[in-house]
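Trainee: Take a look at this one; I'll ask things after.
Residue numbers (my numbering): 67 to 484.
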């Protein structure tokens with residue numbers, strides 16, 4: 067009941083060679099990022115190194131005291147290397163945006179274009195946050211509820227913009243008062259409970275009661291401010307609200323911090339855009355990554371400085387868990403349009419007290435950037451895949467993966483030993 071979750075999806079498919087699985091040599095199919103194809107001016111960690119064809123590529127970013135190596139897109143997260151659990155060589159087996167997105171967040175490929183399993187954020191909300199005012203708020207994130215395993219109270223509140231919720235909570239006052247509305251809400255809730263007691267199928271009527279009671283709590287707590295874009299921007303200047311691509315994500319991170327501080331949400335899920343770079347827009351891909359990772363670093367630091375709402379002496383960062391995913395990665399070679407296309411490999415990142423920090427798991431081959439066997443799983447050596455990562459994430463919080471995932475094995479190597 068004291069854990070909080072933030073799920074972030076980098077929409078479009080990121081170039082892992084610029085951050086988690088860096089390549090700065092022209093080997094095999096790999097065309098590294100160079101000054102010919104990348105705008106290096108905004109990149110704080112780009113240091114020129116000899117590259118192919120007379121162009122300059124980047125020197126690997128090696129944080130002092132760490133064995134990890136990053137590309138320059140890692141931005142401010144390089145300073146927090148001791149908190150990062152990096153997973154490379156995720157076998158995606160797809161290059162479709164909808165399918166890759168679903169596979170990364172549910173552990174299942176689409177079937178007939180439809181999602182076949184609930185997403186990891188919805189599972190965590192159902193298992194750990196059904197009694198919260200807002201079990202899960204999902205902003206342009208691929209949240210999904212499939213089947214009847216999850217608690218209906220934890221169905222994702224899915225919106226395109228946080229401000230949408232603020233507008234929904236607004237109540238005009240010319241014709242009635244807060245007390246009038248509270249009385250009507252209490253009456254509706256009581257009536258629903260009374261009817262549920264007489265009904266053979268009480269779930270639906272109890273659901274009406276829960277909705278009425280929940281609305282009353284939301285209005286009484288004055289939560290409009292938590293969902294107001296303008297007030298969130300003003301309250302959290304530590305985030306870059308002028309970012310080119312991560313501007314909306316900065317508002318969502320502000321909301322996550324504010325809502326968790328007030329203990330009104332269990333899971334916050336949101337997407338960050340700008341990663342689908344097939345043409346010369348690839349020149350800004352590393353800067354787009356830097357914006358996202360700077361945002362995550364700022365969020366972690368803010369969590370470090372914010373007291374936990376229910377655990378005395380603890381900070382929010384002691385009980386907040388962040389999972390960052392993307393559709394897939396991009397091709398190791400530059401195409402004729404000076405961009406990179408879709409590729410069936412991926413990387414992901416977990417920042418959590420329950421996962422090992424300063425740690426990288428999984429690998430790719432040096433010449434093709436394809437997933438390579440990471441360990442001996444039950445069926446033999448193979449690369450790690452999204453279902454394995456999701457199963458491990460659920461297991462870390464006492465949630466049985468088998469109750470929710472068809473595939474995937476827990477990877478104990480990723481978990482911090484207690």
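Quick reminder that beta carbons are idealized off the backbone N, C-alpha and C, glycines included.
Would you mind stating whether residue 474 and residue 453 have Cβ atoms separated by less than 8 Å?
Mentor: Yes, the Cβ-Cβ distance between residue 474 and residue 453 is below 8 Å.
Trainee: CB-CB under 7 Å to residue 149, same chain, minus the five flanking residues each way: which ones, in chain order?
Mentor: Cβ within range, chain order: 366, 417 and 423.
Trainee: Could you name the residues that DSSP lists as bridge partners for residue 200?
Mentor: Per DSSP, 331.
Trainee: Where DSSP assigns a beta bridge to residue 224, which residues make up the other side?
Mentor: In the DSSP output, where bridge partners are listed per residue, residue 224 has 204.
Trainee: For residue 378, count neighbouring Cβ atoms within 10 angstroms of its own Cβ and tell me buried if that reaches 16, exposed if not.
Mentor: Exposed, because fewer than 16 other Cβ atoms sit within 10 Å of the Cβ of residue 378.
Trainee: Would you grab the beta carbon distance between residue 460 and residue 183 for me? Rounded to a whole angstrom, and I think it's under 8 Å.
Mentor: Not a contact, Cβ separation roughly 12 Å.
Trainee: Leaving out five residues on either side along the sequence, give the residues of the same chain with a beta carbon under 6 Å from the beta carbon of residue 353.
Mentor: For residue 353, where only same-chain residues beyond five positions count, the Cβ hits under 6 Å are 108.
Trainee: For residue 409 and residue 394, which I take to be in contact (beta-carbon distance under 8 Å), what is that distance rounded to the nearest angstrom?
Mentor: Residue 409 to residue 394, Cβ: 6 Å. Contact.
Trainee: Let's test the definition: count the other Cβ atoms within 10 Å of the Cβ of residue 385 and tell me whether it reaches 16, buried, or not, exposed.
Mentor: Residue 385 comes out buried.
Trainee: Whose C-alpha, out of 419, 259 and 251, is nearest the C-alpha of residue 278?
Mentor: Checking every option, the nearest Cα to that of residue 278 belongs to 251.
Trainee: Nearest by alpha-carbon distance to residue 128: which of 300, 113 and 118 is it?
Mentor: The shortest C-alpha separation from residue 128 is found at 113.
Trainee: What residue range is occupied by the uninterrupted alpha helix (DSSP H) comprising residue 194?
Mentor: That run of the alpha helix (DSSP H) goes 186–194.
Trainee: Exposed or buried, which one is residue 260 when buried takes at least 16 other CB atoms within 10 Å?
Mentor: With fewer than 16 other Cβ atoms within 10 Å, it is exposed.
Trainee: Between residue 388 and residue 265, what straight-line distance do the alpha-carbon atoms span, to the nearest angstrom?
Mentor: Those two C-alpha atoms are separated by around 42 Å.
Trainee: Counting only runs that start and end within the stretch 375–446, where is the beta strand (DSSP E) found for 3 or more residues in a row?
Mentor: Whole beta strand (DSSP E) segments, 3+ residues: 386–392, 414–417, 425–427 and 441–443.
Trainee: Alpha carbon to alpha carbon, how far is residue 224 from residue 206?
Mentor: Those two C-alpha atoms are separated by around 7 Å.
Trainee: Using the Cα positions of residue 263 and residue 312, report the straight-line distance between them to the nearest angstrom.
Mentor: So the alpha carbons of these two residues sit roughly 49 Å apart.
Trainee: Report all residues from its chain with a CB closer than 7 Å to the CB of residue 232; omit the five preceding and five following residues, and keep chain order.
Mentor: 290, 293 and 294.
Trainee: At a cut-off of 7 Å, would you count residue 434 as near the ligand ZN, judging by its Cβ distance to the nearest heavy atom?
Mentor: For the ligand ZN, the structure offers nothing, since it holds no ligand at all.
Trainee: Identify the continuous beta strand (DSSP E) that holds residue 114 and give its terminal residues.
Mentor: Residue 114 -> beta strand (DSSP E) spans 114–116.
Trainee: Using a threshold of 8 Å, state whether the C-beta atoms of residue 331 and residue 198 are closer than that.
Mentor: Contact: yes.
Trainee: Tell me the residue span of the alpha helix (DSSP H) that contains residue 76.
Mentor: Segment 70–76 is the beta strand (DSSP E) holding residue 76; no alpha helix (DSSP H) there.
Trainee: Give the secondary structure of residue 465 by DSSP, where H, G and I count as helix, E and B as strand, and everything else as coil.
Mentor: Note: residue 465 maps to coil in three-state DSSP.
Trainee: In whole angstroms, what separates the C-alpha of residue 8 from that of residue 110?
Mentor: One cannot answer for residue 8 here, as it falls past the ends of the chain, which runs 67 to 484.
Trainee: How many angstroms separate the CA atom of residue 140 from the CA atom of residue 247?
Mentor: Cα-Cα distance, rounded: 50 Å.
Trainee: Which residues does DSSP list as the beta-bridge partners of residue 362?
Mentor: Residue 362 pairs with nothing; no bridge assigned.
Trainee: Run through DSSP, which three-state label would residue 247 get?
Mentor: Reduced to three states, the DSSP call for residue 247 is helix.
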